[in-house]
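For reference, the structure is listed below as structure tokens.
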Amino acid sequence: MPTHFLAYHATVAREDFLRFELSDDVGYHFGSKDTANRRLEHLLQGGDEDDVEGARILPCLLTMQNPLRMPDCHTWTLNNLIPALRDAGVISAEQSDALWDEGYLDQAGFQALLEGAGYDAVIYRNETEGGGDSYLMLDADRIEFALTKAPETNR
Numbered sequence: 055m056p057t058h059f060l061a062y063h064a065t066v067a068r069e070d071f072l073r074f075e076l077s078d079d080v081g082y083h084f085g086s087k088d089t090a091n092r093r094l095e096h097l098l099q100g101g102d103e104d105d106v107e108g109a110r111i112l113p114c115l116l117t118m119q120n121p122l123r124m125p126d127c128h129t130w131t132l133n134n135l136i137p138a139l140r141d142a143g144v145i146s147a148e149q150s151d152a153l154w155d156e157g158y159l160d161q162a163g164f165q166a167l168l169e170g171a172g173y174d175a176v177i178y179r180n181e182t183e184g185g186g187d188s189y190l191m192l193d194a195d196r197i198e199f200a201l202t203k204a205p206e207t208n209r
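Residue numbers for the sequence shown follow the numbering used here, beginning at 55 and rising by one.
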């Protein structure tokens, strides 16, 4: 049975968006209000005026059925995840070695590994932005904005 979480996402995107798009990370990160605010402060350090104009916290409803509990990888690049996936039992030592031999693990491969093991998201204790659980969503279709603008109508 799916579980729903209200969580928060920090962004400096200058334009409003209807759907989350991947950046250079492995998925979409969400946490508590405090965690999102600390993340936003980090994003704004050394940023430009455009970042300040786009800075905001987005409340979102996350839907997950079988999340994997993992430690905080701190830098969630795909190659940093290989040892964590091995330690969590998602991949074997042989699979880990093969991924290192290939030299990379891409977003689609990461998602396929987790889904193949029966997981649809990751929950981790966020040490980087100050504690508490954070959520790594793999599929943008499982993320809904908790607040929406009223539809505009022509009168």
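C-beta atoms are modelled at their ideal positions from N, C-alpha and C, and glycine is treated no differently.
Residue i versus residue j: straight-line alpha-carbon distance, rounded
i    : j    : result
D195 : R93  : 23 Å
V106 : L98  : 7 Å
A57  : G157 : The sequence shown places Thr at residue 57, rather than the Ala named in the question. So the two alpha carbons sit approximately 35 Å from each other.
T182 : L135 : 16 Å
L132 : A61  : 23 Å
R209 : L192 : Only weak support exists for where R209 lies, its pLDDT of 45 falling under 50; the coordinates are left without a value.
P113 : I145 : 33 Å
G143 : E103 : 44 Å
G186 : H128 : 14 Å
A138 : G108 : 33 Å
H226 : R73  : This structure does not reach residue 226, given that the chain is present from 55 up to 209, and the question cannot be answered.
K87  : A162 : 29 Å
L122 : L168 : 8 Å
L153 : D160 : 10 Å
Counted within 10 angstroms of its Cβ, other Cβ atoms place residue i as buried (16 or more) or exposed
i    : result
F71  : exposed
G201 : Contrary to the premise, residue 201 reads as Leu rather than Gly in this sequence. Looking at its Cβ environment, which holds fewer than 16 other Cβ atoms inside 10 Å, L201 is exposed.
G81  : buried
L76  : exposed
Close-in-space but distant-in-sequence residues of the same chain around residue i (CB under 7 Å, 5 per side omitted)
i    : result
D155 : none
S188 : H83, F84, G85, T89, Y178, N180
D126 : Y178, R179, N180, E181, T182
F59  : L116, Y189
R110 : T65
F199 : L112, C114
M124 : A138, A142, V176, Y178
R140 : A147, S150
I197 : F74, Y82, C114, L116, M191
D79  : W130
Run of the alpha helix (DSSP H) containing residue i, from where it starts to where it stops
i    : result
E95  : 87 to 98
P137 : 132 to 141
E148 : 147 to 156
L168 : 161 to 170
Endpoints, beta strand (DSSP E) assigned at residue i
i    : result
D187 : 187 to 191
F74  : Neither: F74 is in no beta strand (DSSP E) and is coded neither H nor E.
Q173 : The amino acid occupying residue 173 in the given sequence is Tyr; Gln does not appear at that position. No beta strand (DSSP E) contains Y173, which DSSP labels as neither H nor E.
6 Å CB neighbourhood of residue i in its chain, flanking five on each side removed
i    : result
Q165 : L192
Contact the stretch 84 to 98 vs the stretch 147 to 164: 3+ CB pairs below 8 Å: Segments in contact, no.
Segment contact, 8 Å Cβ cut-off, at least three pairs: the stretch 169 to 189 with the stretch 112 to 120: Output reads yes: the stretch 112 to 120 touches the stretch 169 to 189.
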